[in-house]
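Engineer:
Number of protein chains: 2
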Amino acid sequence: MQTNKPTIHTCFSPALLHLYDLSNAVVVIIDVFRATSTIAAALYNGAKCVIPVDEVAKAIEISKQIDGIAAGERDGKLAEGLQHGNSPLEYSKDFIKDKTLVLTTTNGTKLLQMALDNKASTIITGSFPNLSAVCTFLINENKNVVLGCAGWKDRFNLEDTLFAGAVIAKIKESFTIHCDSSLTAELLYNQHKDNLIDFASTLTHYHRLVERFGLIEDIKFCLTPDGANVLPLYENGKLTTN
Amino acid sequence: MQTNKPTIHTCFSPALLHLYDLSNAVVVIIDVFRATSTIAAALYNGAKCVIPVDEVAKAIEISKQIDGIAAGERDGKLAEGLQHGNSPLEYSKDFIKDKTLVLTTTNGTKLLQMALDNKASTIITGSFPNLSAVCTFLINENKNVVLGCAGWKDRFNLEDTLFAGAVIAKIKESFTIHCDSSLTAELLYNQHKDNLIDFASTLTHYHRLVERFGLIEDIKFCLTPDGANVLPLYENGKLTTN
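Protein sequence lines, in the order shown, are assigned to chains A and B.
Oh and the first sequence: position 230 is 230 in our numbering, straight run, nothing missing.
Positions in the second sequence are counted from 1; adding 1000 to them yields our numbering.
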């Protein structure tokens, strides 16, 4: 009997988040290309914390106040007024250790704010670089899970869905799943897990990032499991690994 | 070069419909279990027309005015106050020929109304029983297409997605597709097209319909191609095949 196990639901778009009860759940914010990959990389490389914000002006203001690094993107490229973007490869240990990253992005940081507004019990961020850390945390917490895909401007995207599927494939024995989105995510992941980077070339966001901006190394990092295997937990306005 | 071909987008939920430009597009309303399967069956069996409405009271009122048959469901079962439900198998030729069906359902008729409100250029309804008729129409129209999945109370569902995938698999050579939802729909359909009815037993809506209401014959009809191969076109408040 599975009735005593907690549930997993997968939410394909920020515009559908209101359909799920977050009040007693762990919400995993998923923005594979690239916000939640960048958050994992920065924290793995020793950043003190990451402060996600929704506006460029706010990122600049907060980073000045705390002597942090303002960074982010809009529409896949460096946001106007910022010197640092949303590439996980920018945040090497030499650059980011002991610093605070103040990050604003098109989709991922917006979804995180929405999860807060919808009274999520616990918020973490996930992407392939910290897949195992996310799975371990979810199993240990033993609470309901909502896998929140950031998508692209409220549209469904495949890369976030594939990560949701990877999580489900690893932890489903510990949960009750009665959710077509979760079933779809797992089916897609199982179909493509052995060739994720090749498969990525068919995705809309791949064209945006690689053909326009040449970011193939970013794509590889973002789709490779456990390259920055930390658990970013959101508390008091900050993501930290403590 | 594909640049002169019209586009296909797949919309996974009524709550995402506003993200798509319907103003110069054919919108296919998809509610496989069971509204758009029932619409195909009724028209195939000689119904004069189907009038989709959003409320039970409205269905009763209109059917009285025009001597039609008020029918519909809420939450998968016969709506209170109605004598006829949302099963395609109810609408045999003996029963429905030359009559008008006034139909209200949880998801499909709601989405149709939303497509109207969003100024869709052309609205048709589709499900497996009229798969070929839908595909032929879309190729002949040569306009942009939005495959609108009705889902379940705004949540993603797999059966509507599978039908979107079946359409895409048949007509994609005539269209430009740059949409992760469409790619997903086609991948899922290709993975399961040879065992749709077996696969259906894993879907959330299957449990709702079969375990609670015993509707396995409905499921089989709704997932079998071309059992009622007509093209329901919405004009002036009515779906007809003319």
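In this text, a Cβ means the ideal position worked out from N, Cα and C, and glycines have one as well.
None of these values were measured; they are calculated from a predicted model.
1. Pull up the CB-CB distance for L1147 of chain B and A1169 of chain B, whole angstroms please, since I reckon it's below 8 Å.
2. For I39 of chain A, is the classification buried or exposed, using 16 other Cβ atoms within 10 angstroms of its Cβ as the cut-off for buried?
3. Going along chain B, which residues have a C-beta under 8 Å from D154 of chain A?
4. Quick check on F33 of chain A - is its C-beta less than 8 Å from some C-beta in chain B?
5. Do I1139 of chain B and I1008 of chain B count as a contact pair if the criterion is CB distance below 8 Å?
6. Secondary structure at M1 of chain A, three-state DSSP: helix, strand or coil?
7. Which first and last residues belong to the beta strand (DSSP E) in which Y234 of chain A is found?
8. Under a Cβ-count criterion, where at least 16 other Cβ atoms within 10 Å of its own Cβ denotes burial, should S331 of chain A be classed as buried or exposed?
9. What whole-angstrom Cβ distance do L1196 of chain B and L1223 of chain B have, given they're in contact under 8 Å?
10. Verify the CB distance criterion: does M1 of chain A have a CB-CB separation below 8 Å to chain B?
11. Please look up how many angstroms separate the CB atoms of N1130 of chain B and A1228 of chain B, rounded, as I've assumed it's under 8 Å.
12. Assign E173 of chain A to buried or exposed, taking buried as 16 or more other Cβ atoms, counted over all protein chains shown, within 10 Å of its Cβ.
13. Per DSSP, what are the beta-bridge partners of E1073 of chain B in this structure?
14. So, using beta-carbon positions, are V1050 of chain B and P1232 of chain B closer together than 8 Å?
15. Is it a yes or a no for the region 86 to 102 of chain A touching the region 58 to 77 of chain A, going by three-plus beta-carbon pairs under 8 Å?
16. Count Cβ pairs between the region 199 to 213 of chain A and the region 107 to 116 of chain A that sit closer than 8 Å; are there 3 or more?
17. Can you give me the C-alpha to C-alpha distance between L162 of chain A and D218 of chain A, rounded to a whole angstrom?
18. I believe I1096 of chain B touches A1042 of chain B by the beta-carbon criterion, under 8 Å. Please report the beta-carbon distance rounded to the nearest angstrom.
19. Verify the CB distance criterion: does C1135 of chain B have a CB-CB separation below 8 Å to chain A?
20. What are the boundary residues of the beta strand (DSSP E) that V146 of chain A is part of?
21. Which first and last residues belong to the alpha helix (DSSP H) in which T109 of chain A is found?
22. Go ahead and pull the three-state DSSP assignment for A1025 of chain B.
23. I need the DSSP call for I1177 of chain B, collapsed to helix, strand or coil.
24. If you draw a straight line from the alpha carbon of V1210 of chain B to that of W1152 of chain B, how long is it in whole angstroms?
25. What in chain A is Cβ-close to T1204 of chain B, meaning under 9 Å?
26. Does the beta carbon of F1175 of chain B come closer than 8 Å to any beta carbon on chain A?
27. Would you kindly report the start and end of the unbroken beta strand (DSSP E) that includes K1238 of chain B?
28. Distance, Cα to Cα, D1154 of chain B vs D98 of chain A?
29. Less than 8 Å between C-beta atoms, sequence neighbours within five positions excluded: which residues of the same chain meet that for A47 of chain A?
30. If the criterion is Cβ atoms closer than 8 Å, does the pair A1071 of chain B and G1081 of chain B meet it?
31. Could you tell me the alpha carbon to alpha carbon distance between N157 of chain A and V134 of chain A, rounded to whole angstroms?
32. With a threshold of 6 Å on Cβ separation, who are the neighbours of N1236 of chain B within its own chain once the five nearest residues in sequence on each side are excluded?
33. For T1184 of chain B, which of helix, strand or coil comes out of DSSP?
34. So with Cβ pairs under 8 Å, would you call P1006 of chain B a contact of chain A?
Structural biologist: Result, derived from the coordinates:
1. One-based indexing of the second sequence puts residue 1147 of chain B at position 147. One-based indexing of the second sequence puts residue 1169 of chain B at position 169. About 12 Å separates the two Cβ atoms, so there is no contact after all.
2. Taking the first residue of the first sequence as position 1, residue 39 of chain A is located at position 39. By the neighbour-count rule (16 or more Cβ atoms within 10 Å), I39 of chain A is buried.
3. Taking the first residue of the first sequence as position 1, residue 154 of chain A is located at position 154. Going along chain B in sequence order, the residues near D154 of chain A (Cβ under 8 Å) are L1016, L1019.
4. To locate residue 33 of chain A, count along the first sequence from 1; it is residue 33. Judged by the 8 Å Cβ criterion, F33 of chain A is not in contact with chain B.
5. For the purposes of this step, residue 1008 of chain B is taken as the residue at position 8 of the second sequence. For the purposes of this step, residue 1139 of chain B is taken as the residue at position 139 of the second sequence. No.
6. Residue numbering aside, residue 1 of chain A sits at position 1 when the first sequence is read from its first letter. Model confidence at M1 of chain A stands at a pLDDT of 46, short of 50, so the residue's coordinates are unreliable and nothing is read from them.
7. Position 234 of the first sequence holds residue 234 of chain A. Taken as a continuous stretch (DSSP letters only), the beta strand (DSSP E) holding Y234 of chain A covers 233 to 235.
8. Since the first and last residues shown for chain A are 1 and 242, residue 331 of chain A lies out of range.
9. Walking along the second sequence from the start, residue 1196 of chain B turns up at place 196. Walking along the second sequence from the start, residue 1223 of chain B turns up at place 223. Their Cβ separation, rounded to whole angstroms, is 5 Å, which keeps L1196 of chain B and L1223 of chain B in contact under 8 Å.
10. For the purposes of this step, residue 1 of chain A is taken as residue 1 along the first sequence, with counting starting at 1. With a pLDDT of only 46 at M1 of chain A, under the threshold of 50, the placement of this residue in the model should not be trusted; the figure read from the coordinates follows. Taking Cβ atoms only, chain B never reaches closer than 8 Å to M1 of chain A, which makes this a no.
11. For the purposes of this step, residue 1130 of chain B is identified with residue 130 of the second sequence, where counting begins at 1. For the purposes of this step, residue 1228 of chain B is identified with residue 228 of the second sequence, where counting begins at 1. Between A1228 of chain B and N1130 of chain B the Cβ distance is about 6 Å, and since that is below 8 Å, they are a contact.
12. On the first sequence, residue 173 of chain A is found 173 positions in, with the first residue counted as 1. Exposed, since its Cβ has fewer than 16 Cβ neighbours within 10 Å.
13. Locating residue 1073 of chain B in the second sequence gives position 73, where the first residue counts as 1. BP columns for E1073 of chain B point to B:L1078.
14. Here the question's residue 1050 of chain B lines up with position 50 in the second sequence. Here the question's residue 1232 of chain B lines up with position 232 in the second sequence. Yes, these two residues count as a Cβ contact at 8 Å.
15. yes
16. no
17. Locating residue 162 of chain A in the first sequence gives position 162, where the first residue counts as 1. Locating residue 218 of chain A in the first sequence gives position 218, where the first residue counts as 1. When rounded, the distance between both Cα atoms is 17 Å.
18. Within the second sequence, residue 1096 of chain B is the residue found at index 96, counting from 1. Within the second sequence, residue 1042 of chain B is the residue found at index 42, counting from 1. Going by Cβ atoms, the distance from I1096 of chain B to A1042 of chain B rounds to 5 Å, so yes, they are a contact pair.
19. Here the question's residue 1135 of chain B lines up with position 135 in the second sequence. So no, C1135 of chain B is outside the interface.
20. Counting from 1 along the first sequence, the entry for residue 146 of chain A is found at position 146. 144 to 149 is the span of the beta strand (DSSP E), which, as asked, contains V146 of chain A.
21. Working through the first sequence from its first residue, we reach residue 109 of chain A at position 109. Looking at the DSSP string, the run of the alpha helix (DSSP H) that includes T109 of chain A is 108 to 117.
22. The sequence position of residue 1025 of chain B within the second sequence is 25, counting from 1. A1025 of chain B: strand per DSSP, three-state reduction.
23. Along the second sequence, read from residue 1 onward, the residue named residue 1177 of chain B stands at position 177. Three-state result, I1177 of chain B: coil.
24. Here residue 1210 of chain B refers to the residue found at position 210 when the second sequence is read from its first residue. Here residue 1152 of chain B refers to the residue found at position 152 when the second sequence is read from its first residue. Roughly 16 Å separates the two Cα atoms.
25. As a working mapping, residue 1204 of chain B is identified with position 204 in the second sequence. In chain order: H178, C179, D180, L183.
26. Walking along the second sequence from the start, residue 1175 of chain B turns up at place 175. No, because no Cβ of chain A sits closer than 8 Å to the Cβ of F1175 of chain B.
27. Here the question's residue 1238 of chain B lines up with position 238 in the second sequence. Unbroken beta strand (DSSP E) run through K1238 of chain B: 1238 to 1240.
28. Numbered from 1 along the second sequence, position 154 holds the residue referred to as residue 1154 of chain B. Numbered from 1 along the first sequence, position 98 holds the residue referred to as residue 98 of chain A. Taking the straight line from one Cα to the other gives about 44 Å.
29. Here residue 47 of chain A corresponds to residue number 47 of the first sequence, with the count starting at 1. Cβ within range, chain order: Y91, I96, K97, D98, K99, T100, L101.
30. To locate residue 1071 of chain B, count along the second sequence from 1; it is residue 71. To locate residue 1081 of chain B, count along the second sequence from 1; it is residue 81. No.
31. Looking up residue 157 of chain A in the first sequence gives position 157. Looking up residue 134 of chain A in the first sequence gives position 134. So the alpha carbons of these two residues sit roughly 20 Å apart.
32. Mapped onto the second sequence, residue 1236 of chain B falls at position 236. Counting only Cβ-Cβ distances below 6 Å, and skipping sequence neighbours, we find nothing.
33. Taking the first residue of the second sequence as 1, we reach residue 1184 of chain B at position 184. DSSP places T1184 of chain B in helix when its eight states are reduced to three.
34. What you label residue 1006 of chain B is simply residue 6 of the second sequence in a count that begins at 1. No, because no Cβ of chain A sits closer than 8 Å to the Cβ of P1006 of chain B.
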